[in-house]
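K.L.:
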Amino acid sequence: MRRIAMNFKEKNKQINKEALITVGLYVIFFIWWIAFAYGLGLKDISEYNYILGFPAWFFYSCILGYVFISALLAFVVKRYFKDIPFEDDAKAEEDHHE
């Protein structure tokens with residue numbers, strides 16, 4: 002992550018951006034999980050396909066989903082998140098309220 006000097010307003014804007022990205026990624030993962038778990042898992046058990054000994058719905062929703070979201074998170078954190086110093090927050094907040 003890049004460490005960047007920011008004023009109080011810029012820090013809050015970046016924090017809000019990172020929070021929204023995090024919520025968005027969670028929603029993507031949840032939709033992925035639901036789609037594969039219920040989409041493939043609602044079949045009769047005799048119709049299940051298996052991948053590496055796991056039912057396909059479990060493999061795609063839990064195993065592959067975890068790998069996918071982990072890779073996506075690593076990319077997003079490196080690309081969009083910033084290392085924000087918080088040491089001078091007390092002073093910045095005082096300046097903001099004056």
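Numbering (our numbering), first residue to last: 2 to 99.
Note that the Cβ used here is the ideal one computed from N, Cα and C, for glycine as well.
Computed from a predicted structure; not experimentally measured.
1) Return the Cβ separation of S62 and F37 in integer angstroms, given the expectation that the two are a contact with Cβ distance under 8 Å.
2) Is F82 helix, strand or coil by DSSP?
3) When you compare each of F60, E11, Y27 to L73 by their alpha carbons, which one comes out closest?
4) Distance, Cα to Cα, N8 vs W58?
P.N.:
Once the coordinates are examined:
1) The residue you call residue 62 lines up with position 61 of the sequence shown. The residue you call residue 37 lines up with position 36 of the sequence shown. With 8 Å as the limit, S62 and F37 qualify as a contact, their Cβ atoms being about 4 Å apart.
2) Against the sequence shown, residue 82 aligns to sequence position 81. Looking at F82 - three-state DSSP - the assignment turns out to be coil, as it is neither helix nor strand.
3) By 1-based counting over the sequence shown, the position of residue 73 is 72. Closest by alpha carbon: Y27.
4) Translated into the one-based positions of the sequence shown, residue 8 becomes position 7. Translated into the one-based positions of the sequence shown, residue 58 becomes position 57. Computed Cα separation, rounded: 47 Å.
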